[in-house]
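Chemist:
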Amino acid sequence: MQPEGGEQATPISSSEAGRKGGSMVREKYGEDYYRQIGKKGGNALKEQRGSEYYRMIARKGGTANKARYGSEHFSVMGKKGGNVTKERRGSDFYRHIGRLGGLASHPRKTLLPTDKPEIVLAVQPEGPETLDG
-13 MQPEGGEQAT PISSSEAGRK GGSMVREKYG EDYYRQIGKK GGNALKEQRG SEYYRMIARK
47 GGTANKARYG SEHFSVMGKK GGNVTKERRG SDFYRHIGRL GGLASHPRKT LLPTDKPEIV
107 LAVQPEGPET LDG
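Using my numbering, the first residue of the sequence shown is number -13, and each one after it goes up by one.
Next comes the structure, spelled out in structure tokens:
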């Protein structure tokens, strides 16, 4: 079947066809449509596999990235990000968010007497002396 006007249709790649289809859907339903279906899919997966599933795949991804790039890479990236934030917001920004963190009301962790770790000596003292006296 030929398109109207007698012109031959030019073949397009599957990626181009997908791009055109995605654009048509975005025009018809709006930008928020993709967020909604993504949220539905995420919630369905969470109900099916549990929230621990997300922790597991995040851990796997982090481990794979660390193996691929090395921990030094992430240290450098963190410093770059911190420097950009400092340039954009000024050095007072960190002082401000530090104060906010200190003012936040969150439960303080306290050790109960039963929570104290048992201290075990790995090396015995030399000589006849003992710990008792």
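We put the beta carbon where it would ideally sit given N, CA and C, even for glycine.
Tell me whether the beta-carbon of T71 lies closer than 8 Å to the beta-carbon of F60.
Modeler: Residue mapping note: residue 71 aligns to position 85 of the sequence shown, counting from 1. Residue mapping note: residue 60 aligns to position 74 of the sequence shown, counting from 1. No, these two residues do not count as a Cβ contact at 8 Å.
Chemist: Would you report the Cα separation of G88 and K14, rounded to the nearest angstrom?
Modeler: As a working mapping, residue 88 is identified with position 102 in the sequence shown. As a working mapping, residue 14 is identified with position 28 in the sequence shown. Approximately 48 Å, taken between the alpha carbons.
Chemist: Work out the CA separation of G76 and R85 for me, nearest whole Å.
Modeler: To locate residue 85, count along the sequence shown from 1; it is residue 99. To locate residue 76, count along the sequence shown from 1; it is residue 90. For R85 and G76, the distance between alpha carbons rounds to 15 Å.
Chemist: Any idea what DSSP makes of T71, helix, strand or coil?
Modeler: Here residue 71 refers to the residue found at position 85 when the sequence shown is read from its first residue. Helix.
Chemist: What separation, rounded to the nearest whole angstrom, lies between the Cα atoms of Y39 and M63?
Modeler: Indexing the sequence shown from 1 puts residue 39 at position 53. Indexing the sequence shown from 1 puts residue 63 at position 77. Distance between the alpha carbons of Y39 and M63: 27 Å.
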